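Structure first, commentary second.
In my numbering, the protein residues as written are 8 to 111.
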């Protein structure tokens, strides 16, 4: 994730960009975790010990990728820019709008 220049996006565009980026950065590792867990759940009796270790390794790598993304300085900097650009009442309203849109 690259940091966004302060003048590049208005608050709504920054929110949209962050949501899109977060969804993209989390989707692949979460899909890998789910697929590996399901393979272990449904086929563990048919998997060799080596395969089981590989699936567990994929889960671990994916979790570390998510943690690295969430801990990145760019991610934190972009969230801080968003927080700095939006006043408190607007922030609550924006969050409600985002959540409503996600659940419609």
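Yeah, the Cβ is synthetic: ideal placement off N, Cα and C, and Gly gets one too.
Only a predicted model underlies this, so the values are computations on that prediction, with no experimental measurement involved.
In the structure shown, what three-state DSSP assignment does residue i receive?
| i | result |
| --- | --- |
| residue 53 | coil |
| residue 17 | coil |
| residue 79 | coil |
| residue 104 | helix |
If contacts are defined as beta-carbon pairs under 8 Å, then residue i and residue j qualify, I think. What distance do you get, rounded to the angstrom?
| i | j | result |
| --- | --- | --- |
| residue 105 | residue 29 | No, residue 105 and residue 29 are not in contact; Cβ-Cβ is about 11 Å, not under 8 Å. |
| residue 73 | residue 33 | 6 Å |
| residue 65 | residue 39 | 6 Å |
| residue 62 | residue 46 | 5 Å |
Given a threshold of 16 other Cβ atoms within 10 Å of its Cβ, counted over all protein chains shown, does residue i qualify as buried or as exposed?
| i | result |
| --- | --- |
| residue 41 | exposed |
| residue 13 | Reliability fails at residue 13, whose pLDDT of 47 lies under 50, so the model's placement of it is uncertain and the value that follows must be treated cautiously. Exposed. |
| residue 43 | buried |
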